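> Those sequence lines, one after another, are chains A and B.
First residue of the first sequence? That's 1 in the working numbering, and the numbers climb one at a time after it.
First residue of the second sequence? That's 331 in the working numbering, and the numbers climb one at a time after it.
Number of protein chains: 2
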Amino acid sequence: MLNQQVVLKQRPSGIVQENDFGFVSNDLRDIKEGEIKVAIEYISCDPAMRGWMNAGKTYIEAVKIDEVMRGFAAGKIIESLNPNYKEREYVTGLLGVQQYAISNGQGLTHIKTLNESLSYHLGVLGMPGMTAYFGLLEKGQPKAGETVFISGAAGIVGSTVGQIAKIKGCKVIGTAGSAAKCKYLLEECSFDAVINYKEEDVAKRLKELCPDGVNIFYDNVGGPLLDIALTRLARGARVVICGAISQYNNKELYGPKNYMKIVTARGHICGVIVFDYIDQYPKAIRDISTWISEGKLRTKEHIVEGLDNFPSTLRMLFTGENFGKLLVKV
Amino acid sequence: MLNQQVVLKQRPSGIVQENDFGFVSNDLRDIKEGEIKVAIEYISCDPAMRGWMNAGKTYIEAVKIDEVMRGFAAGKIIESLNPNYKEREYVTGLLGVQQYAISNGQGLTHIKTLNESLSYHLGVLGMPGMTAYFGLLEKGQPKAGETVFISGAAGIVGSTVGQIAKIKGCKVIGTAGSAAKCKYLLEECSFDAVINYKEEDVAKRLKELCPDGVNIFYDNVGGPLLDIALTRLARGARVVICGAISQYNNKELYGPKNYMKIVTARGHICGVIVFDYIDQYPKAIRDISTWISEGKLRTKEHIVEGLDNFPSTLRMLFTGENFGKLLVKV
C-alpha cells in the first residue's frame with residue numbers, strides 16, 4: 001500500500017513557495033498492537049504551519065527537512081489494533097500532510113458518530129472553532145451591548161468569533177480584504193459593519209463606527225492594524241491576541257508602537273492558547289453544533305481537491321486568496 | 331510680591347533642552363474667598379513632564395507655549411481664605427514650576443501634620459510611591475516566592491517596587507545604568523540581583539538569573555529592554571507597564587516585537603494609572619510610612635537647589651544622570 005506524503009524540502013524565506021515542499025511515496029507499514037490506520041480525507045491549511053516551517057523550537061518543535069509536513073487532518077479508521085478505536089469511526093489530529101497515517105491514538109480527537117460533514121471537525125468544530133469560542137468567551141468575556149472588533153474577520157476563526165459575539169448580544173465590526181468577504185460577513189454572518197482594509201481608511205472608519213471605543217479587540221492579523229485598534233480602545237478593553245497572519249512570513253514581527261494605549265484604557269492584552277481548554281471542548285462543540293442547527297452560526301469552506309495541490313493551497317492563506325476555511329481534500 | 335515662574339518657550343524635539351524653557355517674574359495677585367496661597371518648597375521632576383511638553387492632548391492637555399510649566403510641587407500654606415486649609419499646613423499637587431501658587435484646594439493633597447521630610451510627599455509617599463505600590467500590588471499581584479523583574483530599578487518608582495516586592499517575599503531583579511546605582515540596589519534596597527544595562531548583556535544575564543522565568547515584569551523603560559523581558563516570561567506572567575522613559579524623547583514609541591510571547595506565556599500586559607487608586611492612598615501612605623520607620627524600605631533623593639536650575643535638572647532624568655528621586659528645592 002503506497003502512501004503519498006508531502007515533505008518539507010527547504011525552509012521558506014518570506015512567503016511560502018511551492019518548491020519549499022516535495023512529494024514522496026512510501027510503502028505503508030503494517031500496524032502494531034495498539035495502533036490504528038487512518039485514511040485521511042481532509043487536511044487543514046492553518047496559519048500556524050508557517051511557524052512550524054521555520055528553524056528553531058517555539059511552542060512545538062520545527063518540522064525537519066525531508067520530514068512529512070505537520071498538519072491537522074481528519075480521516076476514517078480503516079484498520080484498528082487499538083480497543084478504543086473501531087474501523088469506520090473517524091479521528092482528527094496532527095496526522096500529517098499525507099494519504100494515510102498510523103497512530104496509537106494519543107492526542108487524537110475521536111468522532112464516533114458523524115452528525116456534520118467530517119471537514120467541519122477541522123474548522124468550526126475543530127481547532128479554529130475552539131480558538132474562536134474560548135478566545136472570545138474566556139479571554140474576551142463579552143457582555144451584551146459591548147463592541148467587538150475583529151481583524152481577519154472573514155477567516156474561520158474571525159467569522160466564528162463575530163457570530164458568537166452577536167449571539168452574546170454584542171455589536172460586531174470586522175476587517176476583511178475583499179468586497180465578497182465583506183458582503184458575506186454582513187449578509188450571512190450578521191456583522192454590524194465590515195471594513196475593507198484594502199480599500200478603506202481603517203482608522204477613520206473605525207472611529208466613525210465605534211464612537212465609544214472597542215471593548216474587545218480579537219486580533220488575527222497583527223501589524224499596523226493592531227496599532228490602529230489600540231488607539232480606539234474603550235475603558236477596560238480586552239485585547240485578545242490570536243494570531244498575526246500579516247507577519248508570519250516576515251523575519252521579525254511588527255511591534256505595536258501604541259502598546260501604551262492599553263495603560264490609559266485600563267485594559268489588558270492577553271492571548272488564547274486553545275490547548276488550555278481541551279477539557280471543555282465537548283461543551284464548546286455542543287454549543288457550536290446547536291447554533292449551527294438553529295441557523296445562528298454559519299461557516300464557509302474553501303476546499304481544494306488533491307494532495308498535489310497542498311503547496312499552492314497553503315500559499316493562498318498568506319495571500320488572502322482563500323475565502324472560507326481552507327482544506328485540501330485527499 | 332514677585333513670583334518667579336518657569337514657562338514653556340518651545341516644544342522640544344528629542345531630548346529636553348534648557349532653552350525649551352524661559353523664566354518670567356510676575357506680580358502675585360491677592361487671593362480670593364476659597365483660595366489659598368502656597369510657598370512652594372520642592373518641585374518634582376517627573377518623566378511625565380516630557381509628554382506634557384508635546385503638542386496634542388494625551389490623558390491631559392498639553393502645556394501651552396508661554397504657559398507656566400506643569401509640575402507636581404509641595405509647599406507651605408502662607409495665606410488661606412479657604413476654611414478647609416490653615417496657614418502653616420502643607421499641600422502637594424499640580425502647583426506648577428514656580429515660587430508661589432494660588433489654588434482653590436481642588437485636587438491637592440493636604441498634609442496637616444508633617445512626620446517626614448516634606449520632599450518625601452513628592453517621592454516615596456507621593457505619586458511615584460503610590461504608582462509603585464498600586465502597580466505592584468494591585469496589577470502585579472505578587473505571591474511569595476515569585477520573581478519580579480524591574481527596569482529602571484534605581485528610579486524612585488523602581489526602587490520602591492523592588493523593596494515592596496521583597497517585603498512580600500519575592501525574588502527581585504532590576505536593571506540600572508551605573509555601578510553606583512547597582513550597588514545601592516543590592517546593598518541598601520536588598521535586591522537579589524541587579525543588571526547594569528550599559529555594561530552587561532541583559533538577555534544573557536536575565537536568563538542566568540531567572541532560570542524559571544519572570545512572574546512579574548514592572549516596566550519603567552520600554553524599548554528593546556521590554557522585548558528582552560518578554561522572552562523570559564514565566565507561565566501566567568503579569569507585565570505591568572508603568573512608563574517608557576527610554577522612548578519619551580522619540581517621535582514614535584518602539585513597539586515590542588516580542589509581544590506575542592505574552593500569548594505562549596498565558597500572561598497579560600496591563601498598566602497602572604495611579605489616579606484610579608486615589609481613594610486608597612491613605613492606606614498606601616500608612617503602609618509605606620510604617621515600612622520606612624521599620625527600616626524595611628529606603629528611599630534616596632537627588633535635590634538640586636534653585637528654580638533657575640529646573641531646566642538642566644529635568645534634563646538629567648532622560649540622560650540618567652540623576653540618582654534618586656529628582657527634586658528642585660525652590
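Even glycine gets a Cβ: it sits at the ideal position worked out from N, Cα and C.
None of the values given here were measured: they were computed from a predicted structure.
Suppose you measure from the CA of Ala180 of chain A to the CA of Val274 of chain A; what does that come to, to the nearest Å?
Against the first sequence, residue 180 of chain A aligns to sequence position 180. Against the first sequence, residue 274 of chain A aligns to sequence position 274. Ala180 of chain A and Val274 of chain A: Cα-Cα distance of roughly 29 angstroms.
> How would you write the range of the alpha helix (DSSP H) that Ser619 of chain B sits in, first residue to last?
Locating residue 619 of chain B in the second sequence gives position 289, counting from the first residue. Residues Tyr611 to Ser623.
> Val38 of chain A and Leu95 of chain A look like a contact to me (Cβ under 8 angstroms); what is the Cβ gap, rounded to whole Å?
Residue 38 of chain A sits at position 38 when you count from the first residue of the first sequence. Residue 95 of chain A sits at position 95 when you count from the first residue of the first sequence. Sure, about 6 angstroms apart at Cβ, within 8 angstroms.
> I'd like to know if the segment 138-155 of chain A and the segment 199-219 of chain A are in contact, where contact means that at least 3 CB-CB pairs between them fall below 8 angstroms.
Result yes; three or more Cβ-Cβ pairs closer than 8 angstroms.
> Any idea which residues DSSP pairs Tyr90 of chain A with across the strands?
On the first sequence, residue 90 of chain A is found 90 positions in, with the first residue counted as 1. DSSP lists A:Lys76 and A:Ile111 as partners of Tyr90 of chain A.
> Any chance the segment 42-49 of chain A sits against the segment 122-130 of chain A, with 3 or more Cβ pairs inside 8 angstroms?
Yes, the segment 42-49 of chain A is in contact with the segment 122-130 of chain A.
> Taking the C-alpha atoms as reference points, what is the distance between Arg238 of chain A and Ile441 of chain B?
To locate residue 238 of chain A, count along the first sequence from 1; it is residue 238. To locate residue 441 of chain B, count along the second sequence from 1; it is residue 111. Near 38 angstroms, if we compare the C-alpha coordinates of Ile441 of chain B and Arg238 of chain A.
> Using C-beta distances below 6 angstroms, list every residue in its chain close to Gly163 of chain A, excluding the 5 sequence neighbours before and after it, in chain order.
Locating residue 163 of chain A in the first sequence gives position 163, where the first residue counts as 1. As written in the sequence, residue 163 of chain A is Gln, which differs from the Gly given in the question. Same-chain partners within the cutoff: Cys189 and Leu297.
> Less than 8 angstroms between the beta carbons of Ile361 of chain B and Leu438 of chain B, yes or no?
As a working mapping, residue 361 of chain B is identified with position 31 in the second sequence. As a working mapping, residue 438 of chain B is identified with position 108 in the second sequence. Their beta carbons are not under 8 angstroms apart, which means Ile361 of chain B does not touch Leu438 of chain B by this criterion.
> Buried or exposed for Phe134 of chain A, going by 16 or more other Cβ atoms inside 10 Å?
Mapped onto the first sequence, residue 134 of chain A falls at position 134. Buried, by the Cβ-count rule.
> Taking Cβ positions only, does Thr264 of chain A come closer than 8 angstroms to chain B?
Taking the first residue of the first sequence as 1, we reach residue 264 of chain A at position 264. Yes, Thr264 of chain A counts as interfacial toward chain B.
> Does the Cβ-Cβ distance between Glu301 of chain A and Lys325 of chain A come in under 8 angstroms?
By 1-based counting over the first sequence, the position of residue 301 of chain A is 301. By 1-based counting over the first sequence, the position of residue 325 of chain A is 325. Cβ distance < 8 angstroms, so Glu301 of chain A and Lys325 of chain A count as in contact.
> What does DSSP give as the partner residues of Lys659 of chain B in its beta bridges?
Position 329 of the second sequence, counted from the start, is the residue given in the question as residue 659 of chain B. According to DSSP, Lys659 of chain B bridges with B:Tyr372 and B:Glu635.
> Once you ignore the five residues that flank Asp381 of chain A on each side, which residues in its own chain have a CB closer than 6 angstroms to its CB?
Nothing in the structure corresponds to residue 381 of chain A, since chain A is present only between 1 and 330.
> What are the residues that DSSP puts in a beta bridge with Phe149 of chain A?
For this step, residue 149 of chain A is matched to residue 149 along the first sequence. DSSP lists A:Ile173 and A:Phe217 as partners of Phe149 of chain A.
> Please list, in chain order, all residues of the same chain as Lys168 of chain A whose beta carbon is under 7 angstroms from its beta carbon, the five residues on each side excluded.
Locating residue 168 of chain A in the first sequence gives position 168, counting from the first residue. Contacts found: Pro142 and Ala144.
> Give the interface partners of Lys587 of chain B over in chain A, defined as CB-CB distance under 8 angstroms, in chain order.
The residue given as residue 587 of chain B occupies position 257 in the second sequence. Simply Glu252, Leu253, Tyr254 and Gly255.
> Under three-state DSSP, which class holds Ser25 of chain A?
Working through the first sequence from its first residue, we reach residue 25 of chain A at position 25. Three-state result, Ser25 of chain A: strand.
> For Pro12 of chain A, I'd like the list of residues in its chain whose CB is within less than 6 angstroms of its CB, leaving aside the five on either flank, ordered along the chain.
Along the first sequence, one-based indexing puts residue 12 of chain A at 12. Excluding sequence neighbours, Pro12 of chain A sits near Asp20 and Met53.
> Is the separation between the beta-carbon of Ala203 of chain A and that of Ile173 of chain A shorter than 8 angstroms?
Here residue 203 of chain A is taken as the residue at index 203 of the first sequence, counted from 1. Here residue 173 of chain A is taken as the residue at index 173 of the first sequence, counted from 1. Against a cut-off of 8 angstroms, the Cβ pair of Ile173 of chain A and Ala203 of chain A comes out as no contact.
> Who are Tyr430 of chain B's beta bridge partners in DSSP?
As a working note, residue 430 of chain B is residue 100 in the second sequence. Answer is B:Ala369, bridged to Tyr430 of chain B.
> Under three-state DSSP, which class holds Ile278 of chain A?
As a first step, residue 278 of chain A must be located in the first sequence, where it is residue number 278. It is helical.
> Which of helix, strand or coil does DSSP assign to Ile167 of chain A?
As a position in the first sequence, residue 167 of chain A is number 167, starting the count at 1. Three-state result, Ile167 of chain A: helix.
> Exposed or buried, which one is Tyr120 of chain A when buried takes at least 16 other CB atoms within 10 Å?
Within the first sequence, residue 120 of chain A is the residue found at index 120, counting from 1. Classification of Tyr120 of chain A: buried, given that the 10 Å Cβ count is 16 or more.
> If you measure from the beta carbon of Asp606 of chain B to each beta carbon in chain A, is any gap under 8 angstroms?
For the purposes of this step, residue 606 of chain B is taken as residue 276 along the second sequence, with counting starting at 1. Interface residue, yes.
> Taking the alpha-carbon of Leu444 of chain B as reference, which of B:Leu539, B:Gly423 and B:Lys406 has the nearest alpha-carbon?
Here residue 444 of chain B refers to the residue found at position 114 of the second sequence. The option with the nearest alpha carbon to Leu444 of chain B is B:Lys406.
> Relative to the alpha-carbon of Val544 of chain B, which residue among B:Asn333, B:Leu516 and B:Ile558 has its alpha-carbon at the smallest distance?
Taking the second sequence and counting its residues from 1, one reaches residue 544 of chain B at position 214. The option with the nearest alpha carbon to Val544 of chain B is B:Ile558.
> Looking only at C-alpha atoms, which of B:Gly364, B:Leu466 and B:Glu446 sits nearest to Asn434 of chain B?
Looking up residue 434 of chain B in the second sequence gives position 104. Comparing Cα positions, the closest option is B:Gly364.
> Beta-carbon of Ala244 of chain A versus every beta-carbon of chain B: anything under 8 angstroms?
Here residue 244 of chain A corresponds to residue number 244 of the first sequence, with the count starting at 1. Answer yes: the Cβ-Cβ gap between Ala244 of chain A and chain B drops below 8 angstroms somewhere.
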